[in-house]
Structures are given as structure tokens and as C-alpha cells.
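According to this note's numbering, the residues represented by the sequence shown are 1 to 230, in order. Ideal placement from N, C-alpha and C gives every residue a C-beta, glycine not left out. Scroll down for the structure; my scribbles are underneath it.
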Amino acid sequence: MHKTQGESLDFVQSFKSQIENTNNQREVILCTPFTSLTVMSKNLHGGRVKLGAQNIHWEDKGAYTGEISGDMLKEIGVDYAIVGHSERRQYFGETDKTVNLRLKAAQEHSITPILCVGETKQQRDAGETEDIIISQLQKGLVEVDQNNLVIAYEPIWAIGTGDTCESSEANRVIGVIRQQLENKNVSIQYGGSVKPNNIDEIMAQSEIDGALVGGASLEPASFARIVNYQ
1 MHKTQGESLD FVQSFKSQIE NTNNQREVIL CTPFTSLTVM SKNLHGGRVK
51 LGAQNIHWED KGAYTGEISG DMLKEIGVDY AIVGHSERRQ YFGETDKTVN
101 LRLKAAQEHS ITPILCVGET KQQRDAGETE DIIISQLQKG LVEVDQNNLV
151 IAYEPIWAIG TGDTCESSEA NRVIGVIRQQ LENKNVSIQY GGSVKPNNID
201 EIMAQSEIDG ALVGGASLEP ASFARIVNYQ
């Protein structure tokens with residue numbers, strides 16, 4: 001929940017100028033608040049930066065106050081939607097069942113969902129990391145097309161806590177995630193205190209295809225450095 005429409009516009013104009021020479025093979029997606037999607041769409045149209053939403057509802061319309069449908073998102077040029085982010089699960093009652101419904105709804109509207117999975121510190125300390133993540137995948141991916149999917153591993157205990165997940169450990173867990181998939185080529189990202197000073201090491205890992213970036217994406221130069229990892 002960051003940036004007004006005006007602030008979003010200022011951000012994207014500065015950010016675009018800093019990735020003009022970035023390798024074209026790198027996909028860049030900005031997942032903005034719903035209020036900024038339209039202004040962002042107009043300013044990103046036809047460019048290399050894709051637009052994503054932070055959530056999507058499973059019904060096309062109805063009495064779901066505060067929710068946004070796939071039709072609404074597609075109309076303004078949204079290509080991606082985050083589904084099951086840890087904050088949605090933690091603060092807003094998201095379950096593996098509702099995550100599954102949202103994933104399928106996104107795909108029905110030709111929107112690529114970014115499925116977030118990850119464990120809490122309590123679960124990690126109890127040695128339950130693999131069991132939790134495998135369960136999230138098994139329940140979340142029922143009848144989901146793995147050819148139109150991105151997955152993000154976000155260890156909840158490493159988000160904004162000062163605790164860091166070692167790159168080698170993130171790589172190991174993402175390898176476990178890949179083993180559960182029918183499509184081994186699904187792009188799997190790491191998300192958890194990704195910053196300019198650790199992105200190079202993260203992206204050097206064999207299993208990690210990309211990064212889901214939170215706080216470090218709010219400043220154009222910071223996010224551009226992440227996109228331009230070495």
C-alpha cells in the first residue's frame with residue numbers, strides 16, 4: 001500500500017530511464033496498488049515493463065465489496081496478478097482454497113498468476129518448512145495450468161525482520177518446489193528482503209529464476225539496480 005497515482009507516475013518515469021540498456025531477456029513487472037493501475041498502464045503501454053495487480057477475485061462480478069475481478073484488471077492492461085502473498089494470508093484470512101480459486105480465475109482471464117508460498121519462523125524452527133510448502137503447492141495448484149504460472153518462495157520470517165535467508169538455502173527450497181511441479185520450467189522467484197546489495201548473489205543460484213521485491217522496489221534507483229543485477 002504505497003504511492004498515490006502521482007507518486008506512481010513519478011516513479012515509473014524515473015525507473016524507465018534507468019533500465020533503457022537492460023538486457024531484453026529480463027522480464028520486469030510492476031505490481032502496483034489498484035488505484036495506480038490505470039495511470040501506470042497508460043505510461044507503460046507497448047514498453048518492456050509489464051503491469052501486475054496485487055490480488056484478483058475468483059468471481060467476475062457480485063457482492064464482494066473491496067474486491068477486483070479479472071475483467072476489471074484485463075480491461076486496463078494487467079498481465080500479472082500476485083496471489084496468496086504472505087500478507088494476504090497473515091492479515092486477511094487467505095487460505096489455500098481461496099488461493100486456488102484466485103489462481104484459476106487469473107488464468108481464465110489470460111492473466112499470469114504469481115503464486116506465493118512460504119513458511120513462518122515458528123514453522124521453520126519446528127522443521128516443517130518442506131511440509132508446509134509442499135502442502136501449499138498441492139492444495140493451491142489443483143486444476144491450475146502450470147504453463148501459465150510464476151511461483152515465488154517468500155520465507156515469511158525473512159521479510160522485513162532483519163533475519164536473512166541465505167542464498168544457498170533459498171536455492172535449496174526452490175529446488176524442492178521445482179520437484180513438486182509437473183512443469184519443471186515454471187519460473188520460480190525468491191522474495192524475502194531482496195536488496196541491491198544481495199541481488200547478485202541471489203541471482204547466481206542455479207534454481208532461482210527471479211526476485212519478488214518488496215521495500216527495495218519503492219525507490220527507482222534501488223529497483224533498477226536489482227533489475228540490472230550482475
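Cα-Cα separation, residue i to residue j
{"i": "ILE76", "j": "GLY47", "result": "15 Å"}
{"i": "VAL83", "j": "ALA152", "result": "10 Å"}
{"i": "SER222", "j": "SER17", "result": "13 Å"}
{"i": "ASN148", "j": "GLY6", "result": "32 Å"}
{"i": "CYS165", "j": "SER193", "result": "8 Å"}
{"i": "LYS195", "j": "VAL213", "result": "8 Å"}
{"i": "ALA106", "j": "SER86", "result": "18 Å"}
{"i": "ILE199", "j": "ALA170", "result": "12 Å"}
{"i": "ILE156", "j": "ALA63", "result": "32 Å"}
{"i": "ARG233", "j": "SER41", "result": "With the chain running from 1 to 230 in the structure shown, residue 233 is simply not present."}
{"i": "GLU94", "j": "THR22", "result": "36 Å"}
{"i": "ALA126", "j": "GLU154", "result": "18 Å"}
{"i": "HIS2", "j": "THR38", "result": "15 Å"}
{"i": "ILE56", "j": "SER168", "result": "32 Å"}
{"i": "PHE92", "j": "ASN100", "result": "16 Å"}
{"i": "GLU27", "j": "MET72", "result": "24 Å"}
{"i": "GLU59", "j": "LEU103", "result": "11 Å"}
{"i": "ARG88", "j": "THR98", "result": "11 Å"}
{"i": "GLU201", "j": "GLY66", "result": "39 Å"}
{"i": "ASN43", "j": "ASP131", "result": "43 Å"}
{"i": "PRO220", "j": "ALA204", "result": "23 Å"}
{"i": "CYS31", "j": "SER217", "result": "10 Å"}
{"i": "GLN133", "j": "GLN90", "result": "First, the amino acid is wrong: residue 133 is Ile here, not Gln. For ILE133 and GLN90, the distance between alpha carbons rounds to 15 Å."}
{"i": "LYS121", "j": "GLN136", "result": "16 Å"}
{"i": "ILE68", "j": "ARG172", "result": "35 Å"}
Limits of the alpha helix (DSSP H) - the one that residue i falls within
{"i": "THR38", "result": "37–44"}
{"i": "LEU137", "result": "129–140"}
{"i": "GLY6", "result": "5–17"}
{"i": "ILE156", "result": "Here ILE156 belongs to no alpha helix (DSSP H), and DSSP marks it neither H nor E."}
{"i": "SER86", "result": "86–91"}
{"i": "ASP60", "result": "Taken as a continuous stretch (DSSP letters only), ASP60 belongs to no alpha helix (DSSP H), as it is neither H nor E."}
{"i": "GLU108", "result": "96–108"}
{"i": "ARG26", "result": "Neither: ARG26 is in no alpha helix (DSSP H) and is coded neither H nor E."}
{"i": "GLN123", "result": "121–125"}
{"i": "ASP200", "result": "199–203"}
Candidates the options: closest to residue i by CA position
{"i": "SER110", "options": "ASN228, ALA81 and SER193", "result": "ALA81"}
{"i": "LYS139", "options": "GLN180, VAL173 and GLU154", "result": "GLN180"}
{"i": "ASP163", "options": "SER187, GLY191 and GLN136", "result": "GLY191"}
{"i": "VAL117", "options": "LEU141, ALA126 and GLU108", "result": "LEU141"}
{"i": "LEU115", "options": "ILE188, ASN21 and LYS184", "result": "ILE188"}
{"i": "GLY175", "options": "ASN197, GLN146, SER206 and ILE202", "result": "SER206"}
{"i": "VAL78", "options": "LEU9, GLU201, LYS50 and ASP145", "result": "LYS50"}
{"i": "PRO33", "options": "SER8, SER14 and THR65", "result": "SER8"}
{"i": "ILE208", "options": "ARG124, GLU182 and VAL186", "result": "VAL186"}
{"i": "PRO113", "options": "ALA211, GLN54, LEU218 and SER14", "result": "GLN54"}
{"i": "THR35", "options": "LYS61, THR4, ILE19 and SER14", "result": "THR4"}
{"i": "TYR229", "options": "GLN122, ILE19, GLU108 and ILE159", "result": "ILE19"}
Delimiting residues of the beta strand (DSSP E) encompassing residue i
{"i": "GLY244", "result": "There is no way to answer for residue 244, as the model of the chain reaches only from 1 to 230."}
{"i": "LEU115", "result": "112–117"}
{"i": "ILE226", "result": "From DSSP, ILE226 is part of no beta strand (DSSP E) but of the alpha helix (DSSP H) over 220–227."}
Which residues DSSP lists as bridging residue i, in chain order
{"i": "GLY52", "result": "CYS31 and TYR80"}
{"i": "GLY210", "result": "GLN189"}
{"i": "VAL150", "result": "ILE114 and SER187"}
Checklist entry - Could you give the uninterrupted runs of the alpha helix (DSSP H) lying entirely in the stretch 164–194, keeping only those of 4 residues or more? => result 167–179
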